[in-house]
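Taking it in order: structure first as structure tokens, then the write-up.
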Amino acid sequence: MGIQIDLEKCTGCGACLPACPLDALELAEDKPRVKDNCNLCGACRDACEYDAIIIEEAPEKIAPDTGFRGVWVFAEQRQGQLKGVAYELVSKGRELADSLGTELGVVCFGHQVQGVEQLVAYGADKVYLVDDPALAHYQDDLYAHQLARLIEEHRPEILLAGATSLGRSFIPRVAAMLETGLTADCTGLDIDGDTRLLLQTRPTFGGNIMATITCRARRPQMATVRPHVFKKGIPKDGRQGQIIRIDFDRSAVTSRTKLLGFIEDLTEKVRLEEADIIVSGGRGLGKPENFQLLQELADVLGAALGSSRPPVDEGWIPYSHQVGQTGKTVCPKLYIACGISGAVQHLAGMQTSEVIVAINHDPHAPIFEIATYGIVGDLFEIVPMLIARLKEARG
Amino acid sequence: MGCLSVMHYFLNEQQRMIKGLARRIAEERIMPVRAELDEREEFPWDVMKELAEADLFRIFIPEAYGGLGGGCLDLCVAVEELSRGCCGIAVSYAASSLGSIALIEYGTEEQRQKYLPDIASGAKLAAFALTESMAGSDAAAIRTTAVRDGENYILNGTKQFITNGGEAELYTIIALTDPAKGARGASAILVEKGTPGFTFGKKERKMGIRASTTRELVFHNCRVPRQNLLGREGSGFIITLKTLDRSRPGVGAQAVGLAQGALEAAVAYARERHQFGQPISSFQAIQHMLADMATQVEAARALVYAVARAIDTGVKDYTEAAAMAKLFASDMAMRVTTDAVQIFGGVGYMRDYPVEKMMRDAKITQIYEGTNQVLRNTIALELLKRKAKPE
Amino acid sequence: MNIVVCIKQVPGTTEVKIDPQTNTLVREGVEGIVNPFDTYALEEGVRLKERFGGVVTVVSMGPPQAEAALREAISVGADQAILLSDRAFAGSDTLATAYVLSRAIARIGDYDLVICGKQTLDGDTGQVGPELAQRLGIPFVAYVSKVEAIQDGQMRVQRLIEEGHELMEAPLPCVMSVVKEINVPRLPSLRGMMRAKGAQIPVWTARDLDIEADRVGVAGSPTRVIRVFFPQRTRKSQMLEGTAESQVEQLVERLRETKLI
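Keeping their order, the protein sequence lines are chains G, S and F. This note's numbering puts the first sequence at residues 1 to 395. This note's numbering puts the second sequence at residues 396 to 786. This note's numbering puts the third sequence at residues 787 to 1047.
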């Protein structure tokens, strides 16, 4: 296994160097040389016009197990309500199941969960519902144990769960129980037609690089998926599917951790992830008081208030407002970025918004590269004017 | 790490450690708060706590009392790096060293045991009090008295412009134990905060170093035990001169750090500010200013380090050298910070950018611990004295 | 109260940017740093030790250079550090990494709490903590933002989730991952740096840990990166020109056309 450069074929054109996302190639005596940090991703091979780069793949030790069939989605609920990400994953899972020609199973744990039949309307063939008071709230041990048991019994080839605090807590434990691979926080999922492998694409290095990951030899192939990346489909009334109720075997496992209570975050008026419109501020606001101005704009639009990371780090606004790689990922219909330069970490959290408006004094700010509409100007002039104009339009 | 010094000063391992850590503290804990502390004229207790936890107060205390036994250069590199962040904070730190020098050099074993461990840990700050309203450069004109009364001294008088006044727990006071003898009747006496008859005047409102506290110390029939005398009665003036000789390279280090900060800010701004379609750093007028600034900073640093090192190697008489280091570095800092404001242009004059603060801070380095005029006298006097002696 | 803190050395590339001309990564300062999220884990470990006594042991799996990260951990208060390093570990994914860490922690033996950062700066997975808990057969509590109390073998914590904070109780020993709200990590102290410089840092290899060869490294890792690329940005931007009034007018018009307002 390794990478080799055929110096006979190589013309020293250097096209491979910028293709490397890891900066793992350097020119030595006019020919590329591979540095230690190469991870054999193949980007340079694809860029080489002369087929001078050869990457040998290690032969797989174990042939893919064919005994596993079906795509599964873990549908997360809170207080009996299914979360948005559950529908997004069911819609995406349906697509994947169709391309594999297999069925879509949905697993749901909780107590008195509302609207489970909706999961069928969104595309589930089978819903495995474990309804028990013990599962009403998320319990790490119980959820992990129960999911692993169902997987062992039904042997799906793929399992998807939301990359939420819940999914990212217990899905890795399930993966470890099953000794299989897990890819975190995916933003792209596809099926390789030849191998039936799930191609799991995720941002890494703080969103600077995208990596596509596979799990060849073990099953199921497991992935947590970032919320708001895939669109929720359109439910089909009358779609047929089975709801299979499974009794929770309380004697099989006890929860070692105990949920004692919950303290709601009251600072957040409108939930960012669910808002249709977000007005967001960055370092350009200059000081905490200036968020008042954005709040005013948000109020006029019925929008939620967001922030890039610097204001949060400066303590101008609570962390719950932070949008970006280390904050929330949002996908509103309209995102208005005020005084945000557009660092890649911020873009990672909002670039799938339908319409992006950027207001910034710096014409070279990267935010303008992804903005639908850009205004170069002083936000302290533009925003008040916009507020006035919107108020006036509303009468 | 920005513009580092172009020179290699062959610092030892402990000094490199101190420099790296003090720089990190300056960048992570001081720079984010300096503008606000300056604006609000607020004493930096949070930062002092950080410095204490980082063991920086241990640098200038002997190992026997919980310190690291560092030399003059160890302290200078710490002060320099802290000043690069904020001179007001650095001086609050350095003043604790200034207030400890006499105790370390002239204190009895008992006095040292009693006070130094708390200063080393940073639990308590120290201060040094000489100046009075009628006795600035003319220090011999002090009027505060400390009259013996049995086992006590009774202090009366007012000290002015005392750095760390009110914040420090331990004060080295220069007072007249024998007023009839004038300067020869001065003594150094330790006074703890909270001693009855010892109160503080108003906090001064300053032009620069506004994060530091400057106050009057007011003594009204303040009784302190005889055991608080440092050295002998009548040695107060010698102690003062030795204390200032020892601390002046540190003021030089403040100036060097401050100027380094201004230089780095100016270089960064010159590269990013565009006029006439190009960065202003492409104009030779700016380049020459930057080159002069960098050269001056480096020259001052070399002098300060050389003097500090000479002190650490045991040179006995360094009055002149220490005065030179302080004089040269502080005049340099005033020029360099002024030029930094000039390079920033209009925005440099505004409080949104740090250079106007640096310029305000620089001014005091030419004034305190011996005005530069008095230091020139000192240097000239030593020079002429030496010239009079046969080689 | 004996605490194990797991840390990783990551490239110090917080300022990673893509050069728009060449589309390559611009990296300033590629020196290794302690994964920033792990500094909160370390600080919490040291604070708990200061509250309850005991020993803080830091472990890291990585190449020999990762020793620098362990020395830094000692300079901010860890008592001892162990480097898990072996060529056989190279290429391990989270499952394999959790296996190696679990073997090391089992060898340390006497522990009450294992603390991890919520994720790494480079991989961003956050999977090693829960996988490690599973390997060790002990409970896991994710995203802890405050340790309220530890008594009678139970730990009461707050953890940060999307909707707010959950109050949880977990028996010791357990594994917890912490978020940055939990504390402000201290800077090193001079005495800590001197202690770190002189500290002996043992290196445990696959043999020391009785590692099964097919459970680590590339062979023991179920997942494999097959392609790495730059994110595409393909939005058509339209700059609204003119006076401020006209810019605002155009914007309102566009938003109205698209029925957003």
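Just so you know, even glycine gets a beta-carbon here, dropped at the ideal spot from N, CA and C. Since this is a predicted model, take the numbers as computed values, not measurements.
Per the DSSP calculation, residue i is bridged to which residue(s)?
i: Ser528(S); result: None; Ser528(S) has no bridge partner.
i: Arg218(G); result: Arg218(G) is not bridged to any residue.
i: His951(F); result: Ile263(G), Leu946(F)
i: Asn360(G); result: Val376(G)
i: Lys258(G); result: Glu955(F)
i: Leu189(G); result: Gln200(G)
Report the neighbours of residue i on chain G: residues whose CB is nearer than 7 angstroms to its CB, in chain order.
i: Phe875(F); result: The premise fails here: Phe875(F) is roughly 15 angstroms from chain G at the closest Cβ pair, so nothing lies under 7 angstroms.
i: Gly950(F); result: Phe262, Ile263, Glu264, Asp265
i: Gly912(F); result: Arg168, Ala184
Look at the Cβ atom of residue i, then the Cβ atom of residue j, and state whether they are nearer than 7 angstroms.
i: Gly656(S); j: Arg479(S); result: yes
i: Ala358(G); j: Ala371(G); result: yes
i: Leu468(S); j: Asp712(S); result: no
i: Glu760(S); j: Val651(S); result: Note on identity: in this sequence residue 760(S) is Thr, with Glu being the wrong assignment. Not a contact, by the Cβ cut-off of 7 angstroms.
i: Phe823(F); j: Lys904(F); result: yes
i: Arg972(F); j: Val791(F); result: no
i: Leu625(S); j: Tyr501(S); result: yes
i: Ile209(G); j: Val1014(F); result: yes
i: Asn821(F); j: Leu907(F); result: yes
i: Ala859(F); j: Leu828(F); result: yes
i: Glu458(S); j: Ala421(S); result: no
To the nearest angstrom, report how far apart residue i and residue j are at their CA atoms.
i: Arg605(S); j: Val750(S); result: 14 angstroms
i: Gln807(F); j: Leu511(S); result: For Gln807(F), the pLDDT reaches just 46, beneath the cut-off of 50, and the residue's location in the model is therefore unreliable, although a value from the coordinates is still provided. When rounded, the distance between both Cα atoms is 60 angstroms.
i: Val796(F); j: Thr911(F); result: 13 angstroms
i: Ala473(S); j: Glu505(S); result: 29 angstroms
i: Val355(G); j: Lys92(G); result: 23 angstroms
i: Val229(G); j: Thr558(S); result: 59 angstroms
i: Gln937(F); j: Asp898(F); result: 12 angstroms
i: Leu129(G); j: Ile191(G); result: 27 angstroms
i: Ala19(G); j: Gly2(G); result: 18 angstroms
i: Asn969(F); j: Pro850(F); result: 29 angstroms
i: Gln1024(F); j: Tyr373(G); result: 5 angstroms
i: Thr635(S); j: Asn767(S); result: 17 angstroms
i: Leu639(S); j: Lys721(S); result: 11 angstroms
i: Arg981(F); j: Glu448(S); result: 15 angstroms
i: Leu976(F); j: Pro916(F); result: 35 angstroms
i: Thr195(G); j: Val886(F); result: 31 angstroms
i: Leu293(G); j: Glu955(F); result: 42 angstroms
i: Ala854(F); j: Arg411(S); result: 17 angstroms
i: Leu390(G); j: Gly743(S); result: 38 angstroms
Mind listing the chain G neighbours of residue i? Cutoff is C-beta to C-beta under 9 angstroms, in chain order.
i: Asp872(F); result: Correct list: empty, because the minimum Cβ distance to chain G is about 17 angstroms.
i: Glu917(F); result: Pro172, Arg173, Ala175, Ala176, Leu182
What does residue i touch in chain F if you count any residue whose Cβ is under 9 angstroms from its own?
i: Arg419(S); result: Leu973, Pro974
Run through chain G and tell me which residues come within less than 8 angstroms of residue i, C-beta to C-beta.
i: Pro1098(F); result: Residue 1098(F) lies beyond the residue range present for chain F, which begins at 787 and ends at 1047; the question has no answer from this structure.
i: Thr825(F); result: Result: empty, since nearest Cβ-Cβ is about 14 angstroms, beyond 8 angstroms.
i: Tyr929(F); result: Ser165, Ser169
Which residues in chain S have a C-beta closer than 9 angstroms to the C-beta of residue i? List them in chain order.
i: Arg977(F); result: Asp450, Arg453, Leu463
Between residue i and the ligand NAP, is the CB less than 6 angstroms from at least one heavy atom?
i: Met684(S); result: Among the components modelled here there is no ligand, and therefore nothing to report on the ligand NAP.
Who are the neighbours of residue i on chain F, taking C-beta pairs under 8 angstroms?
i: Met210(G); result: Val1014, Phe1015, Phe1016, Pro1017
With contact counted as at least three CB pairs below 8 angstroms, one residue from each stretch, are the segment 489 to 500 of chain S and the segment 609 to 616 of chain S in contact? No: fewer than three Cβ pairs fall under 8 angstroms.
Kindly confirm or deny that the segment 994 to 1012 of chain F and the segment 868 to 883 of chain F touch, where touching means at least three C-beta pairs closer than 8 angstroms. Pairwise C-beta distances place the segment 994 to 1012 of chain F in contact with the segment 868 to 883 of chain F, as three or more of them are shorter than 8 angstroms.
Does the segment 515 to 534 of chain S touch the segment 549 to 563 of chain S, meaning 3 or more C-beta pairs lie closer than 8 angstroms? Output reads yes: the segment 515 to 534 of chain S touches the segment 549 to 563 of chain S.
Determine, using beta-carbon pairs with one atom in the segment 358 to 366 of chain G and one in the segment 322 to 332 of chain G, whether at least three such pairs fall under 8 angstroms. Between the segment 358 to 366 of chain G and the segment 322 to 332 of chain G there are fewer than three inter-stretch CB-CB distances shorter than 8 angstroms, so the stretches are not counted as touching.
At least three beta-carbon pairs within less than 8 angstroms, the segment 66 to 79 of chain G to the segment 160 to 171 of chain G: Taking one beta carbon from each stretch, the segment 66 to 79 of chain G and the segment 160 to 171 of chain G have 3 or more pairs nearer than 8 angstroms; the two touch.
Is the segment 721 to 732 of chain S touching the segment 685 to 695 of chain S in the sense that three or more CB pairs, one from each, lie closer than 8 angstroms? With contact defined as three or more Cβ pairs closer than 8 angstroms, the segment 685 to 695 of chain S and the segment 721 to 732 of chain S are in contact.
Between the segment 371 to 386 of chain G and the segment 1026 to 1037 of chain F, do at least 3 Cβ pairs fall closer than 8 angstroms? Yes, since at least three Cβ pairs between the segment 371 to 386 of chain G and the segment 1026 to 1037 of chain F fall closer than 8 angstroms, the two stretches touch.
Are there three or more Cβ pairs, one per stretch, closer than 8 angstroms when the segment 210 to 223 of chain G is compared with the segment 164 to 183 of chain G? Contact annotation: the segment 210 to 223 of chain G touches the segment 164 to 183 of chain G, with at least three C-beta pairs closer than 8 angstroms.
Segment contact flag, the segment 918 to 933 of chain F with the segment 945 to 963 of chain F, C-beta cutoff 8 angstroms, min 3 pairs: Yes, the segment 918 to 933 of chain F touches the segment 945 to 963 of chain F.
Is the segment 239 to 255 of chain G touching the segment 198 to 217 of chain G in the sense that three or more CB pairs, one from each, lie closer than 8 angstroms? Judged by pairs of C-beta atoms under 8 angstroms, the segment 198 to 217 of chain G does not touch the segment 239 to 255 of chain G, as fewer than three such pairs exist.
Are there three or more Cβ pairs, one per stretch, closer than 8 angstroms when the segment 568 to 577 of chain S is compared with the segment 536 to 554 of chain S? The answer is yes - the segment 536 to 554 of chain S touches the segment 568 to 577 of chain S, with three or more Cβ pairs under 8 angstroms.
Is it true that the segment 105 to 116 of chain G meets the segment 77 to 97 of chain G, where meeting means three or more beta-carbon pairs spaced less than 8 angstroms apart? Counting Cβ pairs under 8 angstroms, three or more are found: they touch.
Determine contact between the segment 127 to 142 of chain G and the segment 31 to 51 of chain G, defined as no fewer than three beta-carbon pairs at a distance below 8 angstroms. By the criterion of at least three beta-carbon pairs nearer than 8 angstroms, the segment 127 to 142 of chain G is not in contact with the segment 31 to 51 of chain G.
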